[in-house]
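*Asks:* Have a look at this one.
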Ligand SMILES: Cc1cc2nc3c(=O)[nH]c(=O)nc-3n(C[C@H](O)[C@H](O)[C@H](O)COP(=O)(O)OP(=O)(O)OC[C@H]3O[C@@H](n4cnc5c(N)ncnc54)[C@H](O)[C@@H]3O)c2cc1C
């Protein structure tokens with residue numbers, strides 16, 4: 322079912338995020354986990370786009386393979402930094418030809434060590450990419466007459482590039498006004514941040530569905546890596562205390578992290594989140610444990 326229709330029906334969406342493995346072994350491993358993810362019947366799965374387009378082909382090939390060889394419905398991420406209009410057009414045409422009907426439109430980060438405006442010469446902000454995809458849709462070149470459903474990033478705790486949080490909401494609204502259909506958020510660990518963000522969106526006139534990003538912590542090393550990657554995400558004191566209590570016991574840290582994420586999901590369901598997006602790091606175990614502790618076998622039972 323088209324995600325726009327799922328939102329219309331007011332059912333919560335469940336989605337899982339993967340990154341494209343760079344080795345054949347990693348790809349084999351992921352497809353082993355994908356067999357397990359299939360049983361959870363997600364609404365869709367998403368595939369990240371390596372910084373600055375570094376996984377352009379890998380992302381494309383993984384999305385098409387998931388679409389053609391599994392029952393899962395994939396959504397590619399696409400960043401516009403460093404790309405020109407011709408390249409973005411090629412990427413969109415190829416996804417359209419493969420019947421992919423949703424896309425997460427992002428700006429991406431400035432490539433490390435590069436200063437100046439060069440990477441942003443063609444597309445300055447994600448809003449420009451949204452506008453470009455909208456025009457592509459209107460050109461009738463997508464086999465689905467509605468074209469791609471367009472998702473954009475949202476940051477419940479704010480994006481570090483724009484410390485002015487009022488201006489930031491205007492920027493978010495600009496992406497919606499240019500044609501975005503839904504928002505997927507940066508991961509967060511305190512649901513109050515999401516509910517407040519949802520309220521601030523409403524006040525700013527942003528009424529598109531907001532899919533909440535949740536990441537189960539499975540190790541202290543992973544938590545530290547994420548603190549760097551997930552710009553601005555805050556680890557609340559009760560979570561840090563619980564992780565500290567688990568000390569250096571890896572299995573205990575993992576239990577604490579998965580339990581925390583499970584409670585976040587339960588509370589998000591109670592608060593009628595439009596969607597829950599689990600950052601999986603290509604492993605199915607934590608996600609399966611969350612579903613089991615929520616008392617269900619798959620997403621269709623998560624109401
Ligand atoms: C769910 C999710 C998935 C992601 N997936 C990927 C991925 O696959 N690959 C990857 O490389 N990165 C990914 N990212 C990271 C993302 O690319 C970075 O966070 C990037 O810094 C911002 O992208 P954006 O789409 O939010 O950009 P934008 O919406 O353009 O915003 C970036 C910053 O610019 C500001 N801004 C926007 N418009 C204007 C304007 N007109 N004037 C002045 N300032 C403005 C915004 O307030 C914000 O601070 C993801 C992030 C999220 C939340």
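Residue numbers (our numbering): 322 to 624.
Quick reminder that beta carbons are idealized off the backbone N, C-alpha and C, glycines included.
Since the model is a prediction, treat every value here as computed from it, not as a measurement.
#1: With distances taken Cα to Cα, identify the nearest neighbour of residue 604 among 344, 358, 323.
#2: For residue 420, is the classification buried or exposed, using 16 other Cβ atoms within 10 angstroms of its Cβ as the cut-off for buried?
#3: For residue 465, which residues of its own chain have a beta-carbon under 7 Å away from its beta-carbon, when the five flanking residues on both sides are left out?
#4: If you measure between the beta carbons of residue 508 and residue 542, is that distance less than 8 Å?
#5: What does the Cβ neighbour count give for residue 539, buried or exposed, with the cut at 16 atoms within 10 Å?
#6: State buried or exposed for residue 436, treating a residue as buried only when at least 16 other CB atoms are found within 10 Å of its CB.
#7: Quick one: grab the DSSP three-state call for residue 515.
#8: Counting only runs that start and end within the stretch 539-579, where is the alpha helix (DSSP H) found for 4 or more residues in a row?
#9: Taking the Cβ atom as the reference point for each residue, do residue 327 and residue 425 lie within a distance shorter than 8 Å?
#10: Is any non-hydrogen atom of ligand 1 found closer than 7 Å to the C-beta of residue 448, if you look at the structure I gave you?
#11: Hey, quick one: how far does the beta strand (DSSP E) through residue 505 stretch, first residue to last?
#12: What are the boundary residues of the beta strand (DSSP E) that includes residue 472?
#13: So residue 501 packs on residue 324, CB below 8 Å; how close in whole Å?
#14: Taking 7 Å as the cut-off, does the CB of residue 496 come closer than this to any heavy atom belonging to ligand 1?
#15: Closer than 8 Å is the cut-off here; do at least three beta carbon pairs connect the stretch 588-599 with the stretch 557-573?
#16: Can the beta-carbon of residue 375 be found less than 8 Å from the beta-carbon of residue 338?
#17: Taking 6 Å as the limit between beta carbons, can you name the residues of its chain near residue 536, skipping five residues before and five after?
#18: Enumerated in chain order, which unbroken segments of the beta strand (DSSP E) with a length of 3 residues or greater are wholly contained in the stretch 347-392?
#19: Over the uninterrupted alpha helix (DSSP H) stretch that includes residue 423, give me the two end residues.
#20: If you draw a straight line from the C-alpha of residue 560 to the C-alpha of residue 585, how long is it?
#21: What did DSSP end up calling residue 599 once you bin it into helix, strand or coil?
#22: Near residue 446, what residues of its chain come up, given a Cβ to Cβ distance below 6 Å and the 5 sequence neighbours on each side ignored?
#23: Check whether the Cβ of residue 378 sits closer than 7 Å to any heavy atom of ligand 1, and report yes or no.
#24: Look at the Cβ atom of residue 407, then the Cβ atom of residue 451, and state whether they are nearer than 8 Å.
#25: Give me the Cα-Cα distance between residue 461 and residue 388, rounded to the nearest whole angstrom.
#26: Verify the contact flag: residue 552, CB atom, against every heavy atom of ligand 1, threshold strictly below 7 Å.
#27: Using C-beta distances below 7 Å, list every residue in its chain close to residue 625, excluding the 5 sequence neighbours before and after it, in chain order.
#28: Using a threshold of 7 Å, is the CB atom of residue 480 nearer than that to any non-hydrogen atom of ligand 1?
#29: I need the straight-line Cα distance from residue 485 to residue 533, nearest angstrom please.
#30: Does at least one heavy atom of ligand 1 sit under 7 Å from the Cβ of residue 427?
*Replies:* Reading it off the structure:
#1: 358
#2: exposed
#3: Within the same chain, residue 465 has close Cβ partners 422.
#4: no
#5: buried
#6: Exposed: under 16 other Cβ atoms inside 10 Å.
#7: helix
#8: Here the runs fully enclosed are 541-550, 558-566.
#9: no
#10: Yes, the beta carbon of residue 448 sits closer than 7 Å to at least one heavy atom of ligand 1.
#11: 503-508
#12: 470-475
#13: Contact flag wrong, Cβ pair sits at about 12 Å.
#14: True, at least one ligand heavy atom lies under 7 Å from that Cβ.
#15: no
#16: no
#17: 508, 600
#18: 365-368
#19: Unbroken run through residue 423 is the beta strand (DSSP E), 423-427; no alpha helix (DSSP H).
#20: 12 Å
#21: Correct three-state label for residue 599: strand.
#22: 428
#23: no
#24: no
#25: 22 Å
#26: yes
#27: Any property of residue 625 remains undetermined from this structure, which presents the chain solely from 322 to 624.
#28: yes
#29: C-alpha of residue 485 to C-alpha of residue 533: approximately 22 Å in a straight line.
#30: yes
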